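Line order of the protein sequences matches chains B and E. Here the first sequence is numbered in the working numbering, starting from 289 and rising by one per residue. Here the second sequence is numbered in the working numbering, starting from 289 and rising by one per residue.
2 protein chains.
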Amino acid sequence: MARQRPGDSGAPTMRDVADRAGVSTMTVSRVLKEDARVSEATRRRVLAAVDALGYRLNATARSLRLGGSGMIGLIVTNLANPFYSRLALGVQEVASQHGLSMLLSNTGEELERERGLVEDLASRQVAGMIVVPAGGSHSHLTPAALRDMPVVLASRPPSGMAADCVLVDDFGGARDATAELIARGHRRIGFLGNPPAIHTGAERYRGYRAAHEAAGLEPDDRLVRRGLTDVATAERAARRLLAPESPESPASPGSPESREGAREPAPDAPTALFCTNNRLTQGAIRAVRALDVPVALAGFDDFDLADILGMPLTIVSYDADEMGRQAARLLVDRINGGPAASRPPRRTVLPTHVIRYGPE
Amino acid sequence: MARQRPGDSGAPTMRDVADRAGVSTMTVSRVLKEDARVSEATRRRVLAAVDALGYRLNATARSLRLGGSGMIGLIVTNLANPFYSRLALGVQEVASQHGLSMLLSNTGEELERERGLVEDLASRQVAGMIVVPAGGSHSHLTPAALRDMPVVLASRPPSGMAADCVLVDDFGGARDATAELIARGHRRIGFLGNPPAIHTGAERYRGYRAAHEAAGLEPDDRLVRRGLTDVATAERAARRLLAPESPESPASPGSPESREGAREPAPDAPTALFCTNNRLTQGAIRAVRALDVPVALAGFDDFDLADILGMPLTIVSYDADEMGRQAARLLVDRINGGPAASRPPRRTVLPTHVIRYGPE
DNA sequence: CTGTTAGCGCGTTCAT
DNA sequence: ATGAACGCGCTAACAG
Numbered sequence: 289m290a291r292q293r294p295g296d297s298g299a300p301t302m303r304d305v306a307d308r309a310g311v312s313t314m315t316v317s318r319v320l321k322e323d324a325r326v327s328e329a330t331r332r333r334v335l336a337a338v339d340a341l342g343y344r345l346n347a348t349a350r351s352l353r354l355g356g357s358g359m360i361g362l363i364v365t366n367l368a369n370p371f372y373s374r375l376a377l378g379v380q381e382v383a384s385q386h387g388l389s390m391l392l393s394n395t396g397e398e399l400e401r402e403r404g405l406v407e408d409l410a411s412r413q414v415a416g417m418i419v420v421p422a423g424g425s426h427s428h429l430t431p432a433a434l435r436d437m438p439v440v441l442a443s444r445p446p447s448g449m450a451a452d453c454v455l456v457d458d459f460g461g462a463r464d465a466t467a468e469l470i471a472r473g474h475r476r477i478g479f480l481g482n483p484p485a486i487h488t489g490a491e492r493y494r495g496y497r498a499a500h501e502a503a504g505l506e507p508d509d510r511l512v513r514r515g516l517t518d519v520a521t522a523e524r525a526a527r528r529l530l531a532p533e534s535p536e537s538p539a540s541p542g543s544p545e546s547r548e549g550a551r552e553p554a555p556d557a558p559t560a561l562f563c564t565n566n567r568l569t570q571g572a573i574r575a576v577r578a579l580d581v582p583v584a585l586a587g588f589d590d591f592d593l594a595d596i597l598g599m600p601l602t603i604v605s606y607d608a609d610e611m612g613r614q615a616a617r618l619l620v621d622r623i624n625g626g627p628a629a630s631r632p633p634r635r636t637v638l639p640t641h642v643i644r645y646g647p648e
Numbered sequence: 289m290a291r292q293r294p295g296d297s298g299a300p301t302m303r304d305v306a307d308r309a310g311v312s313t314m315t316v317s318r319v320l321k322e323d324a325r326v327s328e329a330t331r332r333r334v335l336a337a338v339d340a341l342g343y344r345l346n347a348t349a350r351s352l353r354l355g356g357s358g359m360i361g362l363i364v365t366n367l368a369n370p371f372y373s374r375l376a377l378g379v380q381e382v383a384s385q386h387g388l389s390m391l392l393s394n395t396g397e398e399l400e401r402e403r404g405l406v407e408d409l410a411s412r413q414v415a416g417m418i419v420v421p422a423g424g425s426h427s428h429l430t431p432a433a434l435r436d437m438p439v440v441l442a443s444r445p446p447s448g449m450a451a452d453c454v455l456v457d458d459f460g461g462a463r464d465a466t467a468e469l470i471a472r473g474h475r476r477i478g479f480l481g482n483p484p485a486i487h488t489g490a491e492r493y494r495g496y497r498a499a500h501e502a503a504g505l506e507p508d509d510r511l512v513r514r515g516l517t518d519v520a521t522a523e524r525a526a527r528r529l530l531a532p533e534s535p536e537s538p539a540s541p542g543s544p545e546s547r548e549g550a551r552e553p554a555p556d557a558p559t560a561l562f563c564t565n566n567r568l569t570q571g572a573i574r575a576v577r578a579l580d581v582p583v584a585l586a587g588f589d590d591f592d593l594a595d596i597l598g599m600p601l602t603i604v605s606y607d608a609d610e611m612g613r614q615a616a617r618l619l620v621d622r623i624n625g626g627p628a629a630s631r632p633p634r635r636t637v638l639p640t641h642v643i644r645y646g647p648e
């Protein structure tokens, strides 16, 4: 009862089915592929044997023979971010429509991990991959590195190479949301941004500035905080912007961050904040709630319950599922379209729209 | 320049490397596997050839030879639910620690789709799979159907078969949260539940009842709504429970659901609601906000910003990432432990804890 | 230390 | 309408 050969799982092979049905493996193969040129009688015998043995086609062997695995890879930076889980759902939807399975991995924004995962996907002969690049070099994603295996970048554009990509209108969304704040009379608008090295961080900052310029305003650099990465850092930054008398340098070591309660904002404090993503917006919300100051918030990325927080909130929204679907469509086109080098890369930009939540 | 044989992607094979290095493929294989018994000189020549050719090992061929793909499958019902995306992240974390890649698919709670996906995974020779079963029959997950391929169920227990599984303490969590409401003086506690046919729907309802019994109370069946599936249905159910004078049957066809505004709750309306999952809790929150009635809420599943909604909220929380990690560990144990039938199935139950949010 | 042999399970080509 | 032979790229088992 021990395993005979390595890799023998005991599962019946096409050979077993063929023997039982009294035909050759070729005939079994034809039946399974629904090839018409098989007599109804043998066809039935084969299917009966398949059923009796519980035979299942070995996709690995098939892939080896055919030179393609029928899988695509998806690499995201952070699946815990609802944005990326929606993206994944969109990718999966289109992929499965085309009979492709999805290998999904998470990088945690680590370039080295991304490199390893890309290697693994390539080694597994995926038909192509969709990558949300962690940032830094894209050298491991070039056609040269991947032998023209199709690659689509999502959320962030290729740098130093050509590739299909799907982006959101980061600039326009940030500009529109900021303009909305300006239209509501705000003149001192703070900026809570993710790292400028990340594409969204740069573009959304550009949008923030553009809205100011269009209104003949100059943003006050002292209200700008960039390089924020999570809820906690954003909350801290927001607190400091909104309550400058809380010393940046720890003057009173007794109660570091705890001097809360309703207070007047400082005279030069911002009257509104623009945040470049959902985590930063949440940090800002916490700060505003804790300090109880009347500040208007605007931010990128919609989120659940934004409408019932009971505070004025301007949100830049877009369709993350659709982004996944578009990325997958670009990829499938590329897969079915011959060598990747044959056509120029396409870039899709998803529209954003501004939503206004909360009390007037 | 056309492709010669089907499946010839033009990628160099081990043979090419061997030729260039003037050795046999076996030696190349040894070098790549870091087999010690290779002289440093040839080793270097081989690596040089690998580098020059941009050779990459073909994982498909390797899998065929070895009889295992180095992948595991994960099938969830709804990746858009943060709970399952965290689960996926936990699974991936442990999987990658063991050098396993993750094939992820979504069923949308459709049994037929689940069946197809399980077939596909089995066909791809995954080392094992973790499944959040959509409900209904589990016949496609039995050892017989899968030839003893390891399976771990997550979130919902096996029915009509034996299998490892990881669950949350649905009963205890619901009981504790309900008890908390009772301890705060609530006597009329409404129940908004997901379908009783789903394991969590049944267990959490049991917990709700158990808390009542433990306090010598009998829940009023008129306050119980089961079979709710999303935010919208939950909100509607909550509205009707909280404002019974809004007719269940449309008496005034003019303004169906729009008679809102602050109002007194009906005398026999519930003073608190227990909701069995995050979507239902959100529906209840919307109803409470819209009707502006003083109702305490309790619900399963923690969510972002729950703490700053400014309403009393009792949440049953648990670690979804950890659930994924545990499931993956069970699976890896099973994979490494020989035939699945050899040891009795294990069941892990994740603890829950009750969090109290909001004013008070 | 290195090479030769012999497949893993399937699909394709060519013959019958 | 059916089958025999061959090979996809890799590696375990044995030489030597």
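Beta carbons are placed, not taken as given, at the ideal position from N, Cα and C, and that holds for glycine. Values in this document were obtained by computation on a predicted structure and should not be read as measured data.
Terminal residues of the continuous alpha helix (DSSP H) containing residue i?
{"i": "His487(B)", "result": "487–502"}
{"i": "Thr348(B)", "result": "347–354"}
{"i": "Ala531(E)", "result": "Where Ala531(E) is concerned, there is no enclosing alpha helix (DSSP H), given that its DSSP letter is neither H nor E."}
{"i": "Ala560(E)", "result": "That residue, Ala560(E), is in no alpha helix (DSSP H); its beta strand (DSSP E) goes 560–563."}
{"i": "Pro370(E)", "result": "370–385"}
Work out the CA separation of residue j and residue i for me, nearest whole Å.
{"i": "Met599(E)", "j": "Tyr645(E)", "result": "8 Å"}
{"i": "Leu354(E)", "j": "Thr602(B)", "result": "56 Å"}
{"i": "Asp408(B)", "j": "Ser389(B)", "result": "15 Å"}
{"i": "Leu405(B)", "j": "Leu561(E)", "result": "46 Å"}
{"i": "Leu529(E)", "j": "Arg513(E)", "result": "9 Å"}
{"i": "Met611(B)", "j": "Ile363(B)", "result": "14 Å"}
{"i": "Ile623(B)", "j": "Arg412(B)", "result": "16 Å"}
{"i": "Glu545(B)", "j": "Glu397(E)", "result": "Residue confidence is low: Glu545(B) scores 42 on pLDDT, short of 50, so the model does not pin down where it sits. Its coordinate-derived value is still stated next. C-alpha separation (whole angstroms): 46 Å."}
{"i": "Val382(E)", "j": "Ala584(B)", "result": "42 Å"}
{"i": "Pro639(B)", "j": "Gly378(E)", "result": "33 Å"}
{"i": "Ser540(E)", "j": "Asn565(E)", "result": "Because the pLDDT of Ser540(E) is 41, which lies under 50, any placement of that residue in the model is unreliable, and the question is left without a value."}
{"i": "Leu516(B)", "j": "Pro483(B)", "result": "6 Å"}
{"i": "Thr301(E)", "j": "Arg631(E)", "result": "41 Å"}
{"i": "Val305(B)", "j": "Leu320(B)", "result": "11 Å"}
{"i": "Ala616(E)", "j": "Phe371(E)", "result": "16 Å"}
{"i": "Ser327(E)", "j": "Gly310(E)", "result": "14 Å"}
{"i": "Ala575(E)", "j": "Arg527(E)", "result": "5 Å"}
{"i": "Asp621(E)", "j": "Ala608(E)", "result": "20 Å"}
DSSP state of residue i, grouped into three classes?
{"i": "His641(E)", "result": "strand"}
{"i": "Gly587(B)", "result": "strand"}
{"i": "Thr330(E)", "result": "helix"}
{"i": "Met611(B)", "result": "helix"}
{"i": "Arg412(E)", "result": "coil"}
{"i": "Ala442(B)", "result": "strand"}
{"i": "Arg513(E)", "result": "strand"}
{"i": "Ser427(B)", "result": "helix"}
{"i": "Gly646(E)", "result": "coil"}
{"i": "Met437(B)", "result": "coil"}
{"i": "Val364(E)", "result": "strand"}
{"i": "Asn394(E)", "result": "strand"}
{"i": "Val519(E)", "result": "helix"}
{"i": "Val311(E)", "result": "coil"}
{"i": "Ser605(E)", "result": "strand"}
{"i": "Val419(B)", "result": "strand"}
{"i": "Arg635(B)", "result": "strand"}
Grab the span of the beta strand (DSSP E) containing residue i for me, first residue to last.
{"i": "Val456(B)", "result": "452–456"}
{"i": "Gly478(B)", "result": "477–480"}
{"i": "Leu579(E)", "result": "Run containing Leu579(E): none in the beta strand (DSSP E); it sits in the alpha helix (DSSP H), 566–579."}
{"i": "Thr301(E)", "result": "It is not in any beta strand (DSSP E) - Thr301(E) carries neither H nor E in the DSSP assignment."}
**Prompt:** At a cut of 8 Å, does the region 468–477 of chain E reach the region 489–508 of chain E through at least three beta carbon pairs?
**Reply:** With a cut-off of 8 Å, the region 489–508 of chain E and the region 468–477 of chain E count as touching, because enough Cβ pairs lie within range.
**Message:** Three or more C-beta pairs under 8 Å: does that hold for the region 518–525 of chain B against the region 565–584 of chain B?
**Reply:** When C-beta atoms of the region 518–525 of chain B are compared with those of the region 565–584 of chain B, three or more pairs fall below 8 Å, so the two segments count as touching.
**Message:** By the 8 Å beta-carbon criterion, what residues does the region 331–351 of chain B contribute toward chain E?
**Reply:** Going along the region 331–351 of chain B in chain order, one finds Gly342, Arg344, Leu345, Asn346, Ala347, Thr348, Ala349, Ser351 with a Cβ nearer than 8 Å to chain E.
**Asked** In the region 299–326 of chain B, which residues sit with their C-beta less than 8 Å from some C-beta in chain E, listed in chain order?
**Response** Look at the region 299–326 of chain B: the residues with a C-beta under 8 Å from a C-beta of chain E are Ala299.
**Request:** Could you name the residues of the region 559–574 of chain B whose beta carbon sits closer than 8 Å to any beta carbon of chain E, in the order they occur along the chain?
**Result:** For the region 559–574 of chain B, which is checked against every Cβ of chain E, the residues closer than 8 Å are Gln570, Ile573, Arg574.
**Message:** Under 8 Å: do the region 587–599 of chain E and the region 414–423 of chain E share three or more Cβ pairs, one atom per stretch?
**Reply:** Counting Cβ pairs under 8 Å, fewer than three are found: no touch.
**Asked** For the 8 Å Cβ check, are there 3 or more pairs between the region 364–377 of chain E and the region 332–350 of chain E?
**Response** At 8 Å Cβ cutoff, the stretches do not touch.
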